[in-house]
Amino acid sequence: MKKNKIEHYSDKEALDFHTNDKSGKIEIISSKPVTTKRDLALAYSPGVAAPVKAIAEDPELAYEYTTKGNLVAVISNGSAILGLGNLGAIASKPVMEGKAVLFKRFADIDSIDLEIDTEDTKEIINSIKHIAKSFGGINLEDIAAPNCFIIEEELKNILDIPVFHDDQHGTAIITTAALINAVDIAKKNLKKIKIVINGAGAAAMACAKLFRSTGIPKNNIKMLDSKGVINKKRKDINSWKKEFAVETKDKNLDDAMKNADVFLGLSAAGVVKKSMIKKMAKNPIIFACANPDPEIKPEDIEEVRNDAIIATGRSDYPNQVNNLIGFPYIFRGALDVRAKTINEEMKVAAANAIASLAREFVPDEVAAAMGGERPNYGKKYIIPSTFDPRLISVIPLAVAKAAIKSGVARKKIENFDLYSEQLKQRLDPSVTIMQGINNQIKKTNKKVVFADGEDENTLKAAIAFKNSGLGTPILVAKEKVVKEKLREIGYGENFDIEIVNSTLSDKRKKYVNYLFKKLQRKEGLLERDCDKMVRNDRVIWGSCMVACGDADAMVTGNSRRYGQSLDKVKKVIDARPGEIMFGLNMIVNKGKTVFIADTSVHEYPTSEQLSEIAISASRVAKLFGFEPKVAFLSHSTFGQPI
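Numbering-wise, my numbering comes out as the position in the sequence shown, counting from 1, plus 1452.
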């Protein structure tokens, strides 16, 4: 099984990310202009009086005149933070801010995080109850069981907006979608499969419930906690676990795995042994979702079974069970029809929509967004990619329809085709394009020389380039200086990154000869002049690396003026045969992508140069998957650049 390298970050790098520019990850931006005295009057006093009076008469108008209809509260008490445990309310804030970022990025939902500093369920319920009028939905997060069950159940009874504990239901929806497709690929019957769930926390129970909602019999699901199989003879189980108790002689995981069709792990690393996998039925389905390390590694499964369908919670293996495929889009659909709740029908609809999407042919534009890869429905592709841009138009649509059909929607959608198009426009197109570019780059593993290697920001960029698997960075720098800066930004001085020093490298003679041959007649330079340039100028050195095939690209200009860097590059590197050197910018805004050239090289291009630039820019646009249409624009200042 192909396994990609996991991206790593130092603690300091993560801390710097959260403090750069502004502290934290979210901010509030006005959606209306507030630049004139009139704007201020409309935005606050006396302009607010009109909507205040209207809402007082009809509270539903809050959806029209305020952000309520597109605002979700992400709420936690920090009692079960990710895999970190009970670290308290304030410690959960970075996670909750992160969740708010994901809501905005993937579904254009505004979100605010709220941390409640208590583990008293009544206090939490009352706190949320009294602020709920401000929001269109409540996303509960990282609250330990069994309190999460109590809180969610009570809030769903007293509030008229969706309340959704994502740790439970998000995991359940994605897992159910993956299971539906895995069962289909394995040619099994959903109503006859035997399932073993290792783990009895909130997510495990939600998965079991949703499995049953899709038609799997209760008695076909065996759940295990830390003490073994939950059966009806046990006296040490609470009321929530009793719902999943079955009649069985199995006592432990080894017993339960015999002839099982499905294993779902929501527990701990390494608890499943190869011997257990051998006992499973033909074409076993194994979802080992413990993070960061699964219950059993996919490599170990494949050593003993070649017929298994495998999923994990990790991005470096195929079939990642990731809540991100679900919760933003589920809330999007629920908010758009002003649903009173997120019910079982909506969850099943979401799971079926996700499963169906994985079976569809992946069109060119989606393949481009995924880096040119065109996955095919099968053992290695049972759920869509997290970055599949179709998710935004498929899942909310299914959820909205289910909400309307089940009677919990307060707003009808008259034209679902139009709604689907509106959903597509909500997705930030620049992110989709960049994701496609990054995925394409990862497949080529190019060498990129970073000429300003001792500059801290350049060094961070090179590290990010390497850790993201985009290629191989090469720093032009003194090793001692780089090691000092590596320590400063939280990496050990032995961080594995290539460093070249122009005065010490054995490539120096090669580059001097290349430059002398190129410039001796053109500029009348002597060999010693070229040697001085190569030895002392990092941009010249980096350009020589690219020109001589020792690197594929160069990044420079962060520690010197752009014009100075460009002049040196032009001395060393020639334009592509048949083309000229030019600057090209890509602008993505409001669903449109525009390429603008020349923005940085030819100040007064001739008509011939303009034609060449247009042809070259069209070639680049096609590389991004666009069909180019060319327009020529004159200077806005009557022919004179500003």
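All C-beta atoms in this analysis are idealised placements derived from N, C-alpha and C, irrespective of residue type, glycine included.
Item to complete: Please classify Tyr1833: does DSSP put it in a helix, a strand, or coil?
Response: For the purposes of this step, residue 1833 is taken as the residue at position 381 of the sequence shown. Strand, per DSSP.
Item to complete: Please say whether Leu1849 and Leu1875 have beta carbons closer to each other than 8 Å?
Response: The residue given as residue 1875 occupies position 423 in the sequence shown. The residue given as residue 1849 occupies position 397 in the sequence shown. Going by C-beta atoms, Leu1875 is nearer than 8 Å to Leu1849.
Worksheet item: Helix, strand or coil for Val1703 per DSSP?
Response: The sequence position of residue 1703 within the sequence shown is 251, counting from 1. Checking the displayed sequence, the identity of residue 1703 turns out to be Lys instead of Val. Three-state result, Lys1703: coil.
Worksheet item: Just checking my contact of Ala1660 with Asn1683 at CB under 8 Å: how many whole Å lie between their CB atoms?
Response: What you label residue 1660 is simply residue 208 of the sequence shown in a count that begins at 1. What you label residue 1683 is simply residue 231 of the sequence shown in a count that begins at 1. The Cβ separation is near 14 Å, so there is no contact.
Discussion item. Tell me which residues share the same chain as Asn1538 and place their Cβ nearer than 6 Å to its Cβ, disregarding the 5 neighbours each side in the sequence.
Written reply: Position 86 of the sequence shown, counted from the first residue, corresponds to residue 1538. For Asn1538, where only same-chain residues beyond five positions count, the Cβ hits under 6 Å are Ser1531.
Practice prompt. Name the two residues that bound the continuous beta strand (DSSP E) containing His1617.
Written response: As a working mapping, residue 1617 is identified with position 165 in the sequence shown. Counting along the chain, the beta strand (DSSP E) containing His1617 begins and ends at 1615 to 1617.
Worksheet entry | Three-state secondary structure (DSSP) of Leu1642 | In the sequence shown, the residue the question calls residue 1642 occupies position 190. Note: Leu1642 maps to coil in three-state DSSP.
Item to complete: Would you kindly report the start and end of the unbroken alpha helix (DSSP H) that includes Ser2017?
Response: Working through the sequence shown from its first residue, we reach residue 2017 at position 565. It spans 2014 to 2024 - the alpha helix (DSSP H) in which Ser2017 sits, taken as one unbroken run.
Worksheet item: Cα separation between Cys1601 and Ser1544?
Response: Within the sequence shown, numbered from 1, the residue matching residue 1601 stands at position 149. Within the sequence shown, numbered from 1, the residue matching residue 1544 stands at position 92. For the record, residue 1601 in the displayed sequence is Phe; it is not Cys. If I take the Cα positions, the gap works out to 19 Å.
Discussion item. Rounded to whole angstroms, what is the Cα-Cα separation between Lys1474 and Ile2039?
Written reply: As a first step, residue 1474 is located in the sequence shown; it is residue number 22 there, counting from the start. As a first step, residue 2039 is located in the sequence shown; it is residue number 587 there, counting from the start. Taking the straight line from one Cα to the other gives about 25 Å.
Discussion item. For Thr1899, list the residues DSSP reports as bridge partners.
Written reply: Your numbering for residue 1899 matches position 447 in the sequence shown. Per the sequence presented here, residue 1899 reads as Lys, with Thr not at that position. In DSSP, Lys1899 forms a bridge with Thr1924.
Discussion item. For Gly1994 and Val2021, I'd like the C-alpha separation in whole angstroms.
Written reply: The residue labelled residue 1994 in the question sits at position 542 within the sequence shown. The residue labelled residue 2021 in the question sits at position 569 within the sequence shown. Rounded to whole angstroms, Gly1994 to Val2021 spans 9 Å at the Cα level.
Practice prompt. Pull up the DSSP beta-bridge partners for Leu1523, would you.
Written response: On the sequence shown, residue 1523 is found 71 positions in, with the first residue counted as 1. Bridge partners of Leu1523: Asp1562.
Worksheet item: Got a sec? Which residues, its chain only, sit under 7 Å from Glu1509 by beta carbon, not counting five neighbours each side?
Response: Against the sequence shown, residue 1509 aligns to sequence position 57. Within the same chain, Glu1509 has no close Cβ partners at all.
Item to complete: Output yes or no for whether 8 Å exceeds the beta carbon distance between Ile1844 and Ala1629.
Response: For the purposes of this step, residue 1844 is taken as the residue at position 392 of the sequence shown. For the purposes of this step, residue 1629 is taken as the residue at position 177 of the sequence shown. It is not a contact, given that the beta carbons lie outside the stated cut-off.
Worksheet item: Whose CA, out of Tyr1515, Glu1567, Lys1574, Val1526, lies closest to the CA of Leu1554?
Response: In the sequence shown, counting from the first residue as 1, residue 1554 sits at position 102. Ranking Tyr1515, Glu1567, Lys1574, Val1526 by Cα distance to Leu1554 puts Val1526 first.
Worksheet item: Taking the C-alpha atoms as reference points, what is the distance between Gly1765 and Ala1721?
Response: Counting from one through the sequence shown, the residue named residue 1765 turns up at place 313. Counting from one through the sequence shown, the residue named residue 1721 turns up at place 269. The alpha-carbon atoms of Gly1765 and Ala1721 are separated by roughly 12 Å.
Item to complete: Quick one: give me the first and last residue of the beta strand (DSSP E) that Ala1658 is part of.
Response: Here residue 1658 corresponds to residue number 206 of the sequence shown, with the count starting at 1. Not the beta strand (DSSP E): Ala1658 falls in the alpha helix (DSSP H), residues 1654 to 1665.
Discussion item. Closest to Tyr1517 by C-alpha separation, out of Val1500, Asp1713, Thr1666, would be which residue?
Written reply: Translated into the one-based positions of the sequence shown, residue 1517 becomes position 65. The shortest Cα separation from Tyr1517 among Val1500, Asp1713, Thr1666 belongs to Val1500.
Fill in: Counted within 10 angstroms of its Cβ, other Cβ atoms place His1582 as buried (16 or more) or exposed
As a working note, residue 1582 is residue 130 in the sequence shown. Per the 10 Å Cβ criterion, exposed.
Discussion item. Assuming contact is defined by CB atoms lying nearer than 8 Å, are Glu1908 and Lys1930 in contact in what I supplied?
Written reply: Within the sequence shown, the letter at position 456 stands for residue 1908. Within the sequence shown, the letter at position 478 stands for residue 1930. Cβ atoms of Glu1908 and Lys1930: not closer than 8 Å.
Worksheet item: If you pair each beta-carbon of the stretch 1997 to 2012 with each one of the stretch 1886 to 1904, do three or more pairs fall below 8 Å?
Response: yes
Fill in: Local Cβ density within 10 Å of Asn1758, reported as buried at 16 or more and exposed below that
The count along the sequence shown starts at 1 and reaches residue 1758 at position 306. Per the 10 Å Cβ criterion, exposed.
Worksheet item: Are the CB atoms of Cys1741 and Leu1718 nearer to each other than 8 Å?
Response: Translated into the one-based positions of the sequence shown, residue 1741 becomes position 289. Translated into the one-based positions of the sequence shown, residue 1718 becomes position 266. It is a contact, given that the beta carbons lie within the stated cut-off.
Discussion item. Measuring only the C-alpha atoms, how far is Glu1695 from Ser1563?
Written reply: The sequence position of residue 1695 within the sequence shown is 243, counting from 1. The sequence position of residue 1563 within the sequence shown is 111, counting from 1. Approximately 34 Å, taken between the alpha carbons.
Discussion item. Nearer than 7 Å: is that true of the beta carbon of Arg1686 relative to any heavy atom of the ligand ATP?
Written reply: Ligands displayed in this structure: none; no statement on the ligand ATP is therefore possible.
Worksheet entry | Start-to-end residues for the alpha helix (DSSP H) that takes in Lys1505 | The residue labelled residue 1505 in the question sits at position 53 within the sequence shown. That run of the alpha helix (DSSP H) goes 1501 to 1509.
Worksheet item: Are there three or more Cβ pairs, one per stretch, closer than 8 Å when the stretch 1944 to 1961 is compared with the stretch 1922 to 1929?
Response: yes
Discussion item. Can you give me the C-alpha to C-alpha distance between Met1732 and Asp1752, rounded to a whole angstrom?
Written reply: Sequence index remark: in the sequence shown, residue 1732 carries index 280 (1-based). Sequence index remark: in the sequence shown, residue 1752 carries index 300 (1-based). Computed Cα separation, rounded: 14 Å.
Worksheet item: Exposed or buried, which one is Arg1980 when buried takes at least 16 other CB atoms within 10 Å?
Response: Your numbering for residue 1980 matches position 528 in the sequence shown. So Arg1980 counts as exposed.
Worksheet item: Using a Cβ-Cβ cut-off of 6 Å (strictly less than) and excluding sequence neighbours within five positions of Glu1465, which residues of its own chain qualify?
Response: Counting from one through the sequence shown, the residue named residue 1465 turns up at place 13. The residues are Gly1942.
Item to complete: Look at the Cβ atom of Ala1786, then the Cβ atom of Ala1855, and state whether they are nearer than 8 Å.
Response: Along the sequence shown, one-based indexing puts residue 1786 at 334. Along the sequence shown, one-based indexing puts residue 1855 at 403. Yes, these two residues count as a Cβ contact at 8 Å.
Worksheet entry | Entirely enclosed alpha helix (DSSP H) segments - the stretch 1695 to 1755, minimum 4 residues | 1705 to 1708, 1726 to 1731
Worksheet item: Pick from Thr2045, Thr2058, Ser2086, Lys1912: whose alpha carbon is nearest that of Lys2074?
Response: On the sequence shown, residue 2074 is found 622 positions in, with the first residue counted as 1. The option with the nearest alpha carbon to Lys2074 is Thr2045.
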